[in-house]
Amino acid sequence: SAVISQKPSRDICQRGTSLTIQCQVDSQVTMMFWYRQQPGQSLTLIATANQGSEATYESGFVIDKFPISRPNLTFSTLTVSNMSPEDSSIYLCSVSLGSIYGYTFGSGTRLTVV
Amino acid sequence: GNSVTQMEGPVTLSEEAFLTINCTYTATGYPSLFWYVQYPGEGLQLLLKATKADDKGSNKGFEATYRKETTSFHLEKGSVQVSDSAVYFCALSEGGSNYKLTFGKGTLLTVNP
Chain A
3 SAVISQKPSR
13 DICQRGTSLT
23 IQCQVDSQVT
33 MMFWYRQQPG
43 QSLTLIATAN
53 QGSEATYESG
63 FVIDKFPISR
73 PNLTFSTLTV
83 SNMSPEDSSI
93 YLCSVSLGSI
103 YGYTFGSGTR
113 LTVV
Chain B
2 GNSVTQMEGP
12 VTLSEEAFLT
22 INCTYTATGY
32 PSLFWYVQYP
42 GEGLQLLLKA
52 TKADDKGSNK
62 GFEATYRKET
72 TSFHLEKGSV
82 QVSDSAVYFC
92 ALSEGGSNYK
102 LTFGKGTLLT
112 VNP
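Sequences listed follow chains A and B, in order.
Under my numbering, the final residue of the first sequence carries the number 116; numbering is consecutive throughout.
Under my numbering, the final residue of the second sequence carries the number 114; numbering is consecutive throughout.
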């Protein structure tokens, strides 16, 4: 299975600022997925990041708030823009190398907005 | 659309007790099914999976069988340990490497010595 390095692991940010989260994968993958896990809740897909094209956002998530870059097949970034306390969550990236391998997750970025 | 419904928690057990966490799903096709575990303060780890009907996934003493007739994928373990305390998520994917995961709400398991 793939190994994902995600950073930062945690951050405390002021409201109104932006934070960029990075995910580096040790294998080339077609799509990367970004999830949000609000406190005590399950995971919700934010968007699917395609290399060389615009990310596909799920209902309730917009590019202006969560811009995503995917410059190559091993790297992606998610930016949380103009943050408010409601953005305090764990953000995780994920990839799959095929259904027999399941999906691998990064260790997550624990974001607190104050 | 796809959905996953899993047993509401929290679940509290004594060490060596039998564990069942129920999971049922709704999907339009023939999904792959997963159980993920999240230990306190950590990310998600794949616990086990099954990709077709009647498959049994197993890992670390945990088992789950893909039951197409009941659209279920219940997680079981015969004898839990304190170290099994975590949040368990049931999830499905429509298949292939390019499809998103749909998660259940998660079940918090606490095992007391």
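Idealized CB from N, CA, C, for every residue including glycine.
Quantities reported herein were computed from a predicted structural model and do not represent experimental measurements.
Distance cutoff 8 angstroms, beta carbons only. Does residue i sit that close to anything in chain B?
{"i": "Leu80/A", "result": "no"}
{"i": "Gly104/A", "result": "yes"}
{"i": "Leu94/A", "result": "yes"}
{"i": "Phe35/A", "result": "yes"}
{"i": "Gly110/A", "result": "yes"}
{"i": "Leu75/A", "result": "no"}
{"i": "Leu47/A", "result": "yes"}
Using a Cβ-Cβ distance under 8 angstroms, would residue i count as near chain A?
{"i": "Gly107/B", "result": "yes"}
{"i": "Ile22/B", "result": "no"}
{"i": "Lys50/B", "result": "yes"}
{"i": "Phe63/B", "result": "no"}
{"i": "Phe175/B", "result": "Examination of residue 175/B is not possible in this model, given that chain B is present from 2 through 114 alone."}
{"i": "Ser98/B", "result": "Its pLDDT being 49, under 50, Ser98/B is placed unreliably in this model, and the coordinates cannot settle the point."}
{"i": "Gly2/B", "result": "no"}
Let me know the secondary structure DSSP gives residue i once reduced to three states.
{"i": "Val115/A", "result": "strand"}
{"i": "Glu77/B", "result": "strand"}
{"i": "Val82/A", "result": "strand"}
{"i": "Asp85/B", "result": "helix"}
{"i": "Pro87/A", "result": "helix"}
{"i": "Val112/B", "result": "strand"}
{"i": "Asp13/A", "result": "strand"}
{"i": "Ile65/A", "result": "coil"}
{"i": "Tyr67/B", "result": "coil"}
{"i": "Lys57/B", "result": "strand"}
{"i": "Gln39/A", "result": "strand"}
{"i": "Tyr105/A", "result": "strand"}
{"i": "Asn3/B", "result": "coil"}
{"i": "Leu102/B", "result": "strand"}
{"i": "Leu75/A", "result": "coil"}
{"i": "Ser20/A", "result": "coil"}
Name the chain B residues whose beta carbon is nearer than 7 angstroms to that of residue i?
{"i": "Phe107/A", "result": "Gly44 and Leu45"}
{"i": "Thr50/A", "result": "Lys101"}
{"i": "Ser2/A", "result": "Outside the displayed range of chain A (3 to 116) lies residue 2/A, so it cannot be described from this structure."}
Which whole-angstrom value is the C-beta distance of residue i and residue j, which I expect to be below 8 angstroms?
{"i": "Val81/B", "j": "Glu17/B", "result": "7 angstroms"}
{"i": "Gln8/A", "j": "Ile23/A", "result": "7 angstroms"}
{"i": "Gly79/B", "j": "Phe19/B", "result": "6 angstroms"}
{"i": "Ser86/A", "j": "Val115/A", "result": "6 angstroms"}
{"i": "Ser44/A", "j": "Gly42/B", "result": "Their Cβ separation, rounded to whole angstroms, is 17 angstroms, which puts Ser44/A and Gly42/B out of contact at 8 angstroms."}
{"i": "Phe63/A", "j": "Thr50/A", "result": "Incorrect: roughly 11 angstroms between the Cβ atoms, too far for contact."}
{"i": "Gly108/A", "j": "Ile14/A", "result": "Wrong, their Cβ atoms sit about 19 angstroms apart, outside the cutoff."}
{"i": "Leu26/B", "j": "Phe74/B", "result": "The identity of residue 26/B in the sequence shown is Tyr, whereas the question assumes Leu. Confirmed, Cβ separation roughly 7 angstroms."}
message = Just to confirm the assignment: which complete beta strand (DSSP E) runs, minimum length 3, are found wholly within the stretch 8–50 of chain B?
response = For the stretch 8–50 of chain B, whole beta strand (DSSP E) runs of length 3 or above, ordered along the chain, are 12–15, 20–22, 24–27 and 33–39.
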